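Chains as they are written, first to last, in the numbering used here: chain D, 43 to 572; chain S, 13 to 109. Beta carbons are placed, not taken as given, at the ideal position from N, Cα and C, and that holds for glycine. None of the values given here were measured: they were computed from a predicted structure.
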């Protein structure tokens, strides 16, 4: 697509204008010069013509005045050849009678036959009266010897006469030699001089300009136009890599082309990058949405389970990236209640599915009536058999007899719970292997008894490994201190604990969004403070 | 996190530095994928590791399985050791303290 005001056209037009202007100015100056040169040449030729004539007149003048004799004839012949040689229209010799106001023609000769006849009839040996002298004639009377130039317009056309005085030895003006060029001839000569001068100049100017125009086009305009086309093409469809613009010389244009090439490559790369990022993000978002739906379906954000002899409260705080924290609590039979807390490594759909599997398996097995350790060991075997991605889950499971407070628990690599006896303290469970890693998980059942008003706090590492702006962890110590600082004088101490822990972690993270999600579950036995 | 790799015959030693968490674990995974096929034992030097998350634990287990048990965890700090103990891995892995 050529722009409306193309540089190419503009430069070509400028070149043409400069060409015409310089041709005109040089033409005019040459014409003026030719005019003067032509005049000069006329004068010079008249000078030499008059010299020859004066020589003739010196020989023949007195004879000529007397009669038409041989001398007259030879003078005529001589003047005739002068006419021819000097390209004169005619040559005449006359004397002035200033008293009578008469020009007395002695002889007049023209090269042209017709004109010669007329001249002979009109002027030869004739007396022609005049009103006043010409400027040249007056100058001769005053004593000048220089050739004078007059332009005469007569019935025979426009002519240029050059007159020269012929004096005797005493210096008296004897006669005047009148040499006439036709103006046409002088113009022709002028044109010849003009052409001789102007032609080489004009031709070299035109050739020079054309060569320059060609070079400018080749070196500047065409490369720029190619770059421009390439840019336009790239602007229309940035997915296609633009063709390399050929630049013949290592100059600024090549710099532009090179920079442009680099720029388009960068832009293409950026666009490509953005497309990939957008696609990845979309994919990631979809994954995260699916994972979140699974997690929300499997793990409610808050739940509570209240019996005659126990209270259970639990909550999760999902982070932006969906993790695999899960908890579970259910009444197994009239005497037993089960609590589960787990954390699947990894994020996204696969972690969510793994979590769903683990949670379902554990609940199934506990409901079937086997002990926590046995449930975890069986679940581990099943998870190991179908775990291509090498995911794993740390899980803590406990079952409490609500009447006696006997608590049987088993740990598969999960964070140690806090128990509330006379004071809060970390339980030191055996460290069974996390589920999904190795088939021999080595998990054992352990026992503890909770007295009325005692309890246990299960949590995930989202609590202890919450990080603040200074890259400090919330940590197990701070966690224990936080819990110790809580006043449990309420009918719902489990709610005070889970909310208090959540708020403390959020306050610790300040504006820093928790990277990991967290879950907290509190089981209190038979708590009646009032 | 940074990983420096040293090759001693058919044994590769990885010197890990910094936090081995969800964000950096993929780097370690890449490193494990790029191990030369003739590698017959792997040492992960944990002297400079300040923190390990479950994602890091997963990579250690992946390496343990990939090397068919020929993996040594060298000089884990107290924090890392706590995590390894908690998840029960200390019983499975060769740990040089």
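Check the Cα spacing between residue 255 (chain D) and each of D:531, D:512, D:50 and D:537: the tightest is with D:50.
With a 10 Å radius around the Cβ and a threshold of 16 neighbouring Cβ atoms, residue 118 (chain D) comes out buried.
Within a 10 Å sphere around the beta-carbon of residue 503 (chain D) sit 16 or more other beta-carbons, which makes this residue buried. Distance from the CA atom of residue 56 (chain D) to the CA atom of residue 245 (chain D), rounded to whole angstroms, is 18 Å.
Neighbours of residue 352 (chain D) in chain S, taken as residues whose beta carbon is under 7 Å from its own, are absent, since the nearest beta carbon is some 27 Å off. Contact of residue 457 (chain D) with chain S is assigned, a C-beta pair being separated by under 8 Å. Annotation: the region 355 to 425 of chain D contains the following complete segments of the alpha helix (DSSP H) (minimum length 4 residues), in chain order: 390 to 409.
Cβ-Cβ distances below 8 Å link residue 349 (chain D) to 373, 379 and 444 in the same chain, with the five nearest sequence neighbours on each side left out; the list follows chain order. For residue 219 (chain D), there is no enclosing alpha helix (DSSP H); the residue is found in the beta strand (DSSP E) stretching over 215 to 224. The beta carbons of residue 103 (chain S) and residue 484 (chain D) sit about 6 Å from each other, so the pair counts as a contact at 8 Å.
With respect to the 8 Å criterion, residue 220 (chain D) and residue 133 (chain D) are classified as neighbours on the basis of their beta carbons. Following the DSSP letters along the chain, one finds residue 126 (chain D) inside the alpha helix (DSSP H) bounded by residues 112 to 127. Interface with chain D (8 Å Cβ-Cβ cutoff): residue 101 (chain S) is included. In the displayed model, residue 171 (chain D) falls within a strand according to three-state DSSP.
When DSSP reads this structure, residue 19 (chain S) sits in a beta bridge with S:24. The beta-carbon distance between residue 54 (chain S) and residue 75 (chain S), rounded to whole angstroms, is 6 Å. This is short enough to meet the 8 Å contact definition. DSSP, reduced to helix, strand and coil, places residue 185 (chain D) outside both helices and strands of the structure shown, so it counts as coil. Any Cβ of chain D closer than 8 Å to the Cβ of residue 93 (chain S) would place that residue at the interface, and such an atom is absent.
For residue 263 (chain D), there is no enclosing alpha helix (DSSP H), as DSSP gives it neither H nor E. The region 120 to 132 of chain D and the region 217 to 233 of chain D touch, with three or more beta-carbon pairs separated by less than 8 Å.
Contact residues of the region 357 to 373 of chain D toward chain S are absent (C-beta to C-beta distance below 7 Å). In the structure shown, residue 493 (chain D) adopts coil according to DSSP, grouped into three states. For the pair residue 33 (chain S) and residue 65 (chain S), the CB atoms are nearer than the 8 Å cut-off. Taking C-beta separations shorter than 8 Å and ignoring five residues to either side along the sequence, the partners of residue 182 (chain D) in its chain run 190, 205, 207, 215 and 218, following chain order. At a C-beta separation below 8 Å, residue 86 (chain S) has no neighbours in chain D, since its nearest C-beta there lies roughly 20 Å away. Taking a C-beta distance under 8 Å as the contact criterion, residue 421 (chain D) and residue 477 (chain D) qualify as a contact pair. Contact between the region 88 to 107 of chain D and the region 271 to 278 of chain D is absent, with fewer than three C-beta pairs closer than 8 Å. Excluding sequence positions up to five before and after residue 546 (chain D), its CB lies within less than 6 Å of the CB of 524, all in the same chain and listed in chain order.
By the criterion of at least three beta-carbon pairs nearer than 8 Å, the region 76 to 84 of chain S is in contact with the region 54 to 63 of chain S. Taking 8 Å as the threshold, the shortest C-beta distance from residue 486 (chain D) to chain S does not fall below it. With fewer than 16 other beta carbons inside 10 angstroms of its own, residue 35 (chain S) counts as exposed. Cα atoms of residue 369 (chain D) and residue 355 (chain D): separation of roughly 11 Å, rounded to the nearest angstrom. By the C-beta density criterion, residue 150 (chain D) is buried, having at least 16 other C-beta atoms within 10 angstroms. Distance from residue 530 (chain D) to residue 491 (chain D) at the Cβ level is roughly 20 Å; contact not present, criterion being Cβ atoms closer than 8 Å. The C-alpha of residue 394 (chain D) is placed about 20 Å away from the C-alpha of residue 73 (chain S). Within 7 Å of the CB of residue 473 (chain D), the CB atoms of chain S belong to 97, 98 and 100, in sequence order along the chain.
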